[in-house]
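Have a look at the structure below, then the notes.
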Amino acid sequence: MSIFSIGLSGLNTAQVALNTTSNNITNVYTPGYNRQITILGESGVGNGVQVDDVQRQFSQFVAGQLNRSQSASSALDSYQTQISQIDSLLADSKSNLSTLMQGFFSSLTDLSSTPSDPSARQGVIGATDTMTAQFRSLDGYLNDMQQGINSQIGDQVFQLNNLSKQMASLNQQISLAKARTGEAPNSLLDQRDQVVADMSKIADVELTVQDGGSYNITVGGGQTLVSGTNSFSLQAIASPSDPTRTVVGYQDGAGNVRALDESSITGGELGGLLTFRSETLDQTQNQLGQISVALAQGFNAQHAQGYDLNGDAGGDFFTIGQPVAFSNANNTGGATLSATFSSDLSGLTANDYDVTYSGGTYTVTPSDGSASFSVTPDPSTGALSFGGMTVTVSGTPQNGDSFQLQPVRRAAGQLQNAIHDTAKIAAAQKSGATGDNNNSLALQNLQNSKLVGGIATLSQAYASLVGDVGNQANVVQANQTAQQGLTNQLSALQQSDSGVNLDEEAANLIRYQQYYQASAKIISTGVAVFDTVLNIGS
Amino acid sequence: MRISTVTMYQQSINALNQQQSQYSKIGLQLASGKRVTTPSDDPQAASQAVVVEQSKAVNQQYTDARVSTRNALSQEESVLNSVSDALTSVKGLLVQAGADTLSNADRSSIASDLKGIYQTLIGQANATDGNGRYLFGGYQDSSPPFVSSNSGQVQYVGDTGQQLQQVDASRQMPSNDSGQQIFLNAHNSAQYVARAGSGNTGSVTFAGPTVVDATATGYGNGFVISFDGAGNYSVDGGTPQPYTSGDSVTVNGMSLTLKGTPAAGDTVSVTAGHGYLAQASTSNTGSFSYGSLSVSNASDPNFGTPFDIVFDGAGNYSTDGGTTSQPYVSGQTISANGLSLTVQGTPAAGDTISVGTASNSTPNIFRTLEQVIAALDQPATTAADKANLQNTLSTANRELNNSLDNVLTTRASVGSRLNELDVIDSVGSSRNLSYSQTLSDLVDLDYNQAISDYSLRQVGLQAAQKAYVGIQSLSLFKLI
Chain A
5 MSIFSIGLSG LNTAQVALNT TSNNITNVYT PGYNRQITIL GESGVGNGVQ
55 VDDVQRQFSQ FVAGQLNRSQ SASSALDSYQ TQISQIDSLL ADSKSNLSTL
105 MQGFFSSLTD LSSTPSDPSA RQGVIGATDT MTAQFRSLDG YLNDMQQGIN
155 SQIGDQVFQL NNLSKQMASL NQQISLAKAR TGEAPNSLLD QRDQVVADMS
205 KIADVELTVQ DGGSYNITVG GGQTLVSGTN SFSLQAIASP SDPTRTVVGY
255 QDGAGNVRAL DESSITGGEL GGLLTFRSET LDQTQNQLGQ ISVALAQGFN
305 AQHAQGYDLN GDAGGDFFTI GQPVAFSNAN NTGGATLSAT FSSDLSGLTA
355 NDYDVTYSGG TYTVTPSDGS ASFSVTPDPS TGALSFGGMT VTVSGTPQNG
405 DSFQLQPVRR AAGQLQNAIH DTAKIAAAQK SGATGDNNNS LALQNLQNSK
455 LVGGIATLSQ AYASLVGDVG NQANVVQANQ TAQQGLTNQL SALQQSDSGV
505 NLDEEAANLI RYQQYYQASA KIISTGVAVF DTVLNIGS
Chain B
67 MRISTVTMYQ QSINALNQQQ SQYSKIGLQL ASGKRVTTPS DDPQAASQAV
117 VVEQSKAVNQ QYTDARVSTR NALSQEESVL NSVSDALTSV KGLLVQAGAD
167 TLSNADRSSI ASDLKGIYQT LIGQANATDG NGRYLFGGYQ DSSPPFVSSN
217 SGQVQYVGDT GQQLQQVDAS RQMPSNDSGQ QIFLNAHNSA QYVARAGSGN
267 TGSVTFAGPT VVDATATGYG NGFVISFDGA GNYSVDGGTP QPYTSGDSVT
317 VNGMSLTLKG TPAAGDTVSV TAGHGYLAQA STSNTGSFSY GSLSVSNASD
367 PNFGTPFDIV FDGAGNYSTD GGTTSQPYVS GQTISANGLS LTVQGTPAAG
417 DTISVGTASN STPNIFRTLE QVIAALDQPA TTAADKANLQ NTLSTANREL
467 NNSLDNVLTT RASVGSRLNE LDVIDSVGSS RNLSYSQTLS DLVDLDYNQA
517 ISDYSLRQVG LQAAQKAYVG IQSLSLFKLI
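Put into structure tokens, the structure is as follows:
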């Protein structure tokens, strides 16, 4: 073999190596780029050098670890973004609910002092308006968050579907390229691994690498999103148990769309949203609702015992909605439930209830995870009584039919002041006694009564709402910091193998430049040798 | 370990972000003066702060209630001062009017003085607060509680309601006293009042009554002495006794001195000064007795409402017509509607004691004045007229004393309530201070700590920035 071809192989190889280095340098900040190194090998025996491979530095194991960690981080990030909104909402001390409830009860103190004074009565109406407006506004904010989550679920599902399609198409391109050249192009592999990373940020997807190197992706406990070159779509659908709630649905082979269990997706932004909704948002809204129902019912009951300035018995002081009941969309029977609050409020909780019918009895499962219990209809009225409600069944349920009861979810949004005429406040205990303030005193003292679930005063219940949200936000923040640390560490580990180091590339650049110069020198030496030989005869 | 360029930058950026967020967090704390700016900063403290704030707000409500109670009581006190001054001057006039040397014209002029005071008293009794609410109408505070009837007599149209104010956690303080309580009432230790029959035609006059034996059977019960005009008298229609002018008659532990010549049908009646009377039913079959009736709680909402004590003979009694019954033990005190009575002995089934207002002895300062004015305006020429005037003045004097005592007692009660408010105020303000302190400990910032942290974070942030610049300037490319 000639010195020229040896020198040439060196020049070629040096060029490939310089290309690889240049590619590394230029892609130093490209997301998903994996560092490449030129693998050199001897070309035959004494035939110079050849490029065995331009190798992508990628570890499936480390990438998998990073993706899982990233998925958990994204979930906690989105959870934290959401919960910090409620956290700051409760932080404002001037307009918060406890301040306004204090203002309300303090207006009743003024009423007790001068029970027939129109300005004291107007003061009560004003304070009531302000307080109920704040209840509604808090509930409105929380409800906006519910709506926001509904639409964000749609967005996330849309993005995930796009990524699934990209993945299927990349699987196809990679297998085609492999079939053509026997080698998969590094850039396509990088893209596909980046798609996996992007999907992990949306949901906790599972990756399975097939024998042929094709990627399969599943989500939510085994629902296939990508299988080879095929992709399947998720759908954002109305929950069968509560039509106002968007959940993730999966279309099975037969074309039926089935709602995925909300707890089956816990990772990624989508998982974070779902967890936040079921763990914090529902709970907070229910707690707020429970306080408003306790306030309205307790206050109305006491108010009814008094007499107003016209000598009439006190009417409703507040209006409040009634519990909301949904029949599951998949029910086979035609029964519907309707519920009213019972007069004894001590059973009222901040739970939702799933009610399932079977063989004449109803199994009730509270949303806080406490034990299910059976309820049989009252023999005379046919009504069910539990959780501070009386539930009426109309129509005939079939075995397995289920219903969801939300006693207090939107209650705070429906809390209204029912009294607009100053004369209608029932401050007196005796009819026709304008100076009688006994009922006003009793109303004022409701602030010290354990109205909420029979165990907490209104302000204690609000304190526990604040404490619960604060605790949850605190825990999420701590978890998020810890998870972010883990992700950073794994990212550094992944980068230590796959990331580009510019100093290293600078050294390579010099190295391969010198290598090129040296290889060129071989050729010039060859020329010199030839010249020497050629000049022998001259 | 190999470190990629991205990792180097990322780590520096992470460090910068972290330093910056901690720096701004402390900045926020310093600006707001709060350690806990959102509930998540310290959930326990935030939740506890809600509870402490509520306690503080309730404490403030009590403070507000005390302010309005003090205001109401001070107004009442000032009116009661004027009323007691007026009554004192009436007393002086009554003494003057009793002088034998006065002519009819003199008495008439005293009467016109009294009329002025009478009008003043009506004005005081119908006093209003700053909001136009009547102070002494009980719960009927929107119209004048004392109105003149067609016959010229003043009638009370208010009720006995007493407003209570929540001035402390466990103290509801009455912030008013009804006109009934002030002007139509006598203290339960009030003296007994003797009154000559309005149709008396003789010249019998009386002095007293005085209590000679408070343990006598029937003590506290009123009685009527009637005369037959033939030198005899009988008590409550009993056996006639011979009468001599200057005799002392002792009945039910009370003694009364009688003078002058009574005509047939003349009466002198004696009643309890405070106007409440217990009376056993005539059909009672059991053997029991009861002591004197006393006022145990004039602020009871049903105070003054008549009631019957009914015994079932099986050791129980009821004060509400049999709805609830309570066990009876001999010697026990039975209380209802603000009145209490001690009962001894064994009542039989169906035995009752009626408790109610003694109609002819209802204290009423306006009625007293009306009667005195009428008597003084009436020329006194005959012995009977003079006896009548004498008796009216004597009854009025006794009633006036009772009324003045009652007003002074009420005023003392108002004063002691005002004193109590001062005591509660000082407790309340120290409680407020302690709540504020607790609240501050829970959520407020320790400035020393925070300022020192602030400088520390500043140094940390500067160091992170230095590190970033240092890393950025280190590159092999700079050297080739």
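As you go down the protein sequences, you meet chains A and B in turn.
To convert a position in the first sequence, counted from 1, into our numbering, add 4.
To convert a position in the second sequence, counted from 1, into our numbering, add 66.
Here a beta-carbon is modelled for each residue, glycine too, at the ideal position from N, C-alpha and C.
Do you know how far the Cα of residue j is from the Cα of residue i?
i	j	result
Asn255(A)	Leu238(A)	One point to set straight first is that residue 255(A) is Gln, not Asn, in the sequence displayed. Each residue's Cα considered, the two are about 7 angstroms apart.
Ala207(A)	Thr250(A)	16 angstroms
Lys169(A)	Ala183(A)	21 angstroms
Asn569(A)	Asn478(A)	Here chain A comprises residues numbered 5 to 542, so residue 569(A) is not present and cannot be evaluated.
Ala529(B)	Gly536(B)	10 angstroms
Ile69(B)	Ser267(A)	38 angstroms
Thr270(A)	Asn483(A)	14 angstroms
Gly293(A)	Asp81(A)	28 angstroms
Thr85(A)	Gln232(B)	45 angstroms
Gly373(A)	Val252(A)	22 angstroms
Asn426(B)	Ala415(B)	At Asn426(B) the pLDDT is 47, less than 50, meaning the model places this residue with poor confidence and gives no usable figure here.
Ala67(A)	Gln498(A)	7 angstroms
Ser63(A)	Arg39(A)	11 angstroms
Gln546(A)	Arg60(A)	In the structure displayed, chain A extends from 5 to 542; residue 546(A) sits before or after that span and is not available.
Ser482(B)	Gln190(B)	22 angstroms
Thr132(A)	Asp114(A)	14 angstroms
Thr390(B)	Gln418(A)	43 angstroms
Phe407(A)	Asn260(A)	21 angstroms
Ala329(B)	Tyr205(B)	47 angstroms
Val161(A)	Ser92(A)	28 angstroms
Mapping the DSSP letters down to three states, classify residue i as helix, strand or coil.
i	result
Lys454(A)	coil
Pro240(B)	strand
Lys434(A)	coil
Thr380(A)	coil
Glu187(A)	coil
Met149(A)	helix
Gln54(A)	strand
Asn426(B)	Because the pLDDT at Asn426(B) is just 47, under 50, the model does not fix this residue reliably, and the point stays unresolved.
Ser140(B)	helix
Gly45(A)	strand
Asp91(A)	helix
Thr340(A)	strand
Pro105(B)	helix
Pro308(B)	strand
Phe202(B)	coil
Pro122(A)	helix
From the DSSP secondary-structure annotation, give me the bridge partner or partners of residue i.
i	result
Leu538(A)	The partner list for Leu538(A) (beta bridge, DSSP) is empty, contrary to what the question assumes.
Phe322(A)	Asn421(A)
Asp510(B)	Lys100(B)
Assuming residue i contacts residue j under a Cβ cut-off of 8 angstroms, what Cβ separation, rounded to an integer in Å, is found between them?
i	j	result
Gln162(B)	Ile183(B)	In fact, because the Cβ distance is near 13 angstroms, the residues do not count as touching under 8 angstroms.
Val209(A)	Leu229(A)	7 angstroms
Leu146(A)	Leu352(A)	Not confirmed; about 19 angstroms, so no contact.
Val509(B)	Ala111(B)	6 angstroms
With the cut-off set at 7 angstroms, would you say residue i and residue j are in Cβ contact?
i	j	result
Asn220(A)	Ser235(A)	no
Arg173(B)	Leu466(B)	no
Asp320(A)	Ala422(A)	yes
Thr186(B)	Ala152(B)	yes
Gly526(B)	Gln95(B)	no
Gly158(A)	Ala263(A)	no
Leu139(B)	Val493(B)	no
Leu447(A)	Val395(A)	no
Ala437(A)	Gly325(A)	no
Ser73(A)	Thr360(A)	no
Could you tell me if the beta carbon of residue i falls within a distance shorter than 6 angstroms of some heavy atom in the ligand FAD?
i	result
Val334(B)	By its list of ligands, the structure shown contains no ligand whatsoever, and the ligand FAD lies outside what it can speak to.
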